[in-house]
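I have placed the structure first, in the form of structure tokens, so that the comments after it can refer back to it.
Below is the structure:
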């Protein structure tokens, strides 16, 4: 079962993480045709220093950590600054959930990094445009999904 935590939002009102993940899972299924997840990933808040694998007193000035999906533990790690009420943070969680669903779909499991990231960025862009009603470039900085995929995979081999 998924770890049920309260999503922190700028408004101070919380939404159960599981409800947000379930809504995003349905959106991903509708936009990609991927099968439903057999097991919802756990979402954990970590400090930026911990995500970077450095001691707590690390220098994070100028460092942006979005989130990451950890395959062996089926965990999405988000920074302790994560705010589901922020459209950028919510879209990053959606992006990582795409990666969780890719690992659940045999068609995608052996794909190269660029293919996996491109699909995740496409879903993120669609959600930002059609659900959040914002310009993806204004929120995440990339003009096209491929720009994000290339940047994410620089120097990374496929799974």
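In this note's numbering, the protein residues as written are 8 to 166. C-beta: ideal position from N, C-alpha, C; glycine also. Small disclaimer: the values here were computed from a predicted structure and weren't measured.
Item, Value
"Beta strand (DSSP E) segment containing residue 86, residue limits", "82 to 86"
"Terminal residues of the alpha helix (DSSP H) in which residue 105 lies", "94 to 111"
"Cβ shell of residue 112 (< 8 Å), same chain only, five flanking positions each side left out", "41, 42"
"Start-to-end residues for the alpha helix (DSSP H) that takes in residue 134", "120 to 137"
"The alpha helix (DSSP H) enclosing residue 33, as first and last residue numbers", "24 to 39"
"Own chain partners of residue 136 with C-beta closer than 7 Å, once the 5 adjacent residues on each side are dropped", "143"
"Proximity of residue 128 and residue 102 at Cβ, strictly below 8 Å", "yes"
"Nonlocal neighbours in the same chain, by C-beta distance under 6 Å from residue 160, ignoring five residues either side", "120, 121, 124"
"Closest Cα partner of residue 104 within the set 88, 87, 73, 92", "73"
"Beta-carbon proximity check, residue 53 vs residue 77, cutoff 8 Å", "no"
"Length of the line joining the Cα atoms of residue 152 and residue 132", "7 Å"
"Element boundaries [beta strand (DSSP E), containing residue 75]", "75 to 77"
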